[in-house]
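*Asks:* Before I ask anything, let me first share the structure, which is written out below as structure tokens.
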């Protein structure tokens, strides 16, 4: 068990137990009530479609896998009691609720059914299948709530187990995931959609920071609003593609992935800010963000290549400070430190490299505070050796920081002079004159 459990004070442990018990008293009936209602409503329909691929008929049925399939119920309850604080219990419970509510809405709005008829089974597996059949009808399919909860519970325990027990946990979770197919409870497309739902719950209620939506305030920046609308339109287009294409192929549901990714980015530009990417000051990005926003990051990487493939990755500004685009892992060996102004790109890990991230949204001007923080980070890193200051392309966010550093270090009289110096080195710099005032203020 995790080391943190034993170190929890007795009073806190009692509070955790009480909070977990109260949550479980609510969650258990809520689960069976809402899940059962969705099943019942689907059973009233004259025809319920399915999204099974033809090749799924070759998936074998293993009766014994009902055991790992059922085990998630025990872990669902137990996980609530394995927490360090009542706040941790509440966060896990909210993740459960998020997955439950979203899944049930999908089950009611777009019911699907499993079409494979299980063979007769006996013994313990047969008993477990009989109990399962008492409340679980073949309707609640995509997204698989079983998989969504598995993602949440897997993440909960992987931080609390170490060594051999952690390896066993990963293997058991893999068995649970496969069991939704080998018990013929779900079709294949239910798994990735369920995983997306579980990751969304992790993203919405992260373990080491506040929810990215907790401080949402609709932005007054017109450019940010325009970008939010653009990304929202992109999300809607992918959603429509999913709805249209799923009628001919169940794989069409996978278009929900880029739709969700762009929707989260739209929320960031609309008012949530760079927190939607969940990137910390050391450059580490949450697992949920890495997966959920992968389609957006793929587009960002293509855009980076398009604009910079004919340019050097970075140019030296002076005194061992370099300005460039977001680096690849192979390009990091030359540097001792990186000052990273991107929110969207995760950190390519490298040994003995100091990484300072100041997450900011692409295409928006940096605040005075971010420019100053970036310049101070360059000054602090300067003593370690060569420093790379980067953003997606190296044209705006990082350029503003380097211009501020040039002014602060006495290499330029003001922002306008600093920008001209950068342009003279052959690096495209796209900073509007109104940004110069922010740079000069940050340099004071």
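Residue numbers (the numbering used here): 1377 to 1820.
The beta carbon of each residue, even a glycine, is placed where N, CA and C say it ideally should be.
#1: Helix, strand or coil: which one does DSSP assign to residue 1651?
#2: Rounded to a whole number of angstroms, what is the C-alpha to C-alpha distance between residue 1570 and residue 1541?
#3: Going by beta-carbon coordinates alone, are residue 1560 and residue 1494 separated by less than 8 Å?
#4: Hey, out of 1740, 1484, 1711, whose CA is closest to residue 1602's CA?
#5: Please say whether residue 1582 and residue 1633 have beta carbons closer to each other than 8 Å?
#6: Assuming the contact rule is C-beta atoms closer than 8 Å, residue 1699 and residue 1770 should be a hit. Round their C-beta distance to whole Å, please.
#7: Which runs of the beta strand (DSSP E), 3 residues or longer, sit entirely within the region 1691 to 1773?
#8: Among residues of its own chain, excluding the 5 on either side of residue 1588, which ones have a beta-carbon nearer than 6 Å to its beta-carbon?
#9: Within the continuous alpha helix (DSSP H) that includes residue 1786, where are the two ends?
#10: For residue 1661, does the three-state DSSP call read helix, strand or coil?
#11: Is the Cβ-Cβ distance between residue 1340 and residue 1608 less than 8 Å?
#12: Tell me whether the beta-carbon of residue 1761 lies closer than 8 Å to the beta-carbon of residue 1713.
#13: Within the same chain, show all residues whose beta-carbon is closer than 7 Å to that of residue 1803, passing over the 5 residues directly before and after it, in chain order.
#14: So what's residue 1795 in DSSP terms, helix, strand or just coil?
#15: What does the alpha-carbon distance come out to for the pair residue 1812 and residue 1669?
#16: Does any residue of chain C bring its CB to less than 8 Å from the CB of residue 1468?
#17: Please say whether residue 1723 and residue 1709 have beta carbons closer to each other than 8 Å?
#18: Give every residue of the same chain whose Cβ lies closer than 7 Å to the Cβ of residue 1575, excluding the five residues on either side of it in the sequence, and list them in chain order.
#19: Using a Cβ-Cβ cut-off of 7 Å (strictly less than) and excluding sequence neighbours within five positions of residue 1394, which residues of its own chain qualify?
#20: Is residue 1598 near the ligand ATP, with its Cβ less than 7 Å from a heavy atom?
#21: Suppose you measure from the CA of residue 1402 to the CA of residue 1483; what does that come to, to the nearest Å?
*Replies:* According to the structure shown:
#1: helix
#2: 26 Å
#3: yes
#4: 1740
#5: no
#6: 6 Å
#7: 1697 to 1701, 1713 to 1718, 1730 to 1736, 1763 to 1767
#8: 1648, 1651, 1652
#9: From DSSP, residue 1786 is part of no alpha helix (DSSP H); its letter is neither H nor E.
#10: strand
#11: Look at the range of the chain in this structure, 1377 to 1820, and you will see that residue 1340 is not part of it.
#12: yes
#13: 1691, 1699, 1770
#14: helix
#15: 32 Å
#16: This model lacks chain C altogether; it includes just one protein chain.
#17: no
#18: 1527, 1664, 1667, 1668
#19: none
#20: For the structure depicted, the ligand ATP is absent and the ligand set is empty, with no information on it obtainable.
#21: 21 Å
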